[in-house]
Structures are given as C-alpha cells and as structure tokens.
Amino acid sequence: VIAVFSGGPWGHWTWPEMCPKGSYTSSISFKVETPQGVMEDDMALNGIRLCCSHSRDPSGGNTAESQSGRWGRWSEVAHLVGFALLVEVPQRGLLSNEVATTSAHFACSDGHILEGPGSIWGQWGGWSAQCPRAVCGTETWQDPAQGLKSDDTALNDLNELFCC
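Start counting at 1 in the sequence shown, then tack on 36, and there's your number in my numbering.
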C-alpha cells in the first residue's frame, strides 16, 4: 500500500475497490468539474477510476473506482505507479467556497509524470512511495452531496493505492 497525507478534511472513507485478481492498473481516468464561476460551488476533482488489465493492453474492460462525486466529466486514461495530491487548505470564511483536493500527479513506470486535469488551486503535498510492479486498487475520502445551497467538496483525499 502507498499513501499520502495531504487531503482535505471533509467527508468519510469509502470502500476500497480492487482490480480483479491477477490484473493490475494499466491506466487511470479523473472525474473533474470545471470552475463554476463567481458565487457558485466549485468541487474540482470528483473521482479517480483505475482501468485494469492482465497485460499492457489497456482494453481489459475492468475498472476499480472507489466512490466518486456526481459532478464533472471523466478524462482520458494514462498509466501509473505513484501519486501526489494538489489540495486547497480550508478557507473557513463566511462566504468561502471549500474545494479540498483539486488535482493529482501520477508517476508512471516509464518515468513520466502525469497531471490530472483538475484546477490550479491549492498546494502540492508530498509524493507517495512507488509500487514496485503496478497498482491494483484504490480507496478515496469522499464528502457526500450537502444539498441545495450548501458547499460541496466531493473527493477530499486519495487514501491509498494498493500495490500488486
């Protein structure tokens, strides 16, 4: 298991979701809401989906996705072995818009660094350790929808990526 400790404070841990036995994460996709504008509720990163396969062919068809928020669209996929999160610290003001985790970096086995298509808000936390082979599961910290006229933050933390 690899982890970082820089996520947002709202929500709760969801269930761990694993690739099927004998497979690993061949790519990743992000669910991101674009900025909504002044006086609107921004969420940024809403979910992370791992695409699983039994070989380097990413068309395996299986996914591992710990709970995701309902806002945003899924990005294209990319390969990974480690990660870091971009997190906006709590604003705690009367009219502030809490956002929490806004994007993520993922280290690839070929040395490339992939940046999720999230926002630019926040500060980068430290890097996780790297999986020796591959990633095969994930668990996220999700803030459930708060209701009309409330401040939603959606994905607050990526607790762990499970190595296989």
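All C-beta atoms, glycine included, are put in the ideal place defined by N, C-alpha and C.
Reduced DSSP category for residue i - H, G, I as helix; E, B as strand; rest coil
i: Arg128; result: coil
i: Cys144; result: coil
i: Glu53; result: strand
i: Ala39; result: strand
i: Glu69; result: coil
i: Arg109; result: strand
i: Cys200; result: coil
i: Ser62; result: strand
i: Cys167; result: coil
Cβ shell of residue i (< 6 Å), same chain only, five flanking positions each side left out
i: Phe198; result: Val37, Cys172, Gly173
i: Ser42; result: Leu121, Val123, Gly161
i: His141; result: Ala120, Ile149, Glu151
Per DSSP, cross-strand counterpart(s) of residue i
i: Ala123; result: According to the sequence as given, residue 123 is Val; it is not Ala. Val123 is bridged to Thr137, Gln159.
i: Asn98; result: Cys88
i: Gly83; result: Lys67
i: Asp193; result: Trp177
i: Leu150; result: Phe142
i: Gly118; result: Ala143
Close-in-space but distant-in-sequence residues of the same chain around residue i (CB under 7 Å, 5 per side omitted)
i: Ala39; result: Ser164, Asn195, Glu196
i: Glu53; result: Ala100, Glu101, Ser102, Gly173, Thr174
i: Ala181; result: Arg106, Asp188
i: Ser155; result: Pro71, Ala80, Thr138, Ser139
i: Gly44; result: Val123, Ala136, Thr137, Thr189, Asn192, Asp193
8 Å Cβ shell around residue i - same chain, five flanking residues per side excluded
i: Asn82; result: Lys67, Val68, Glu69, Ser104, Gly105, Arg106, Trp107, Gly108, Ala190, Leu191
i: Pro168; result: Cys199
i: Leu184; result: none
Assumed close pair residue i, residue j - CB separation to whole angstroms, cut-off 8 Å
i: Thr61; j: Ala170; result: 6 Å
i: Trp46; j: Ala143; result: In fact, because the Cβ distance is near 27 Å, the residues do not count as touching under 8 Å.
i: Cys87; j: Ser65; result: 7 Å
Closer than 9 Å to chain B by CB, residue i
i: Ala100; result: Considering every chain present, this structure includes no chain B. It has just one protein chain.
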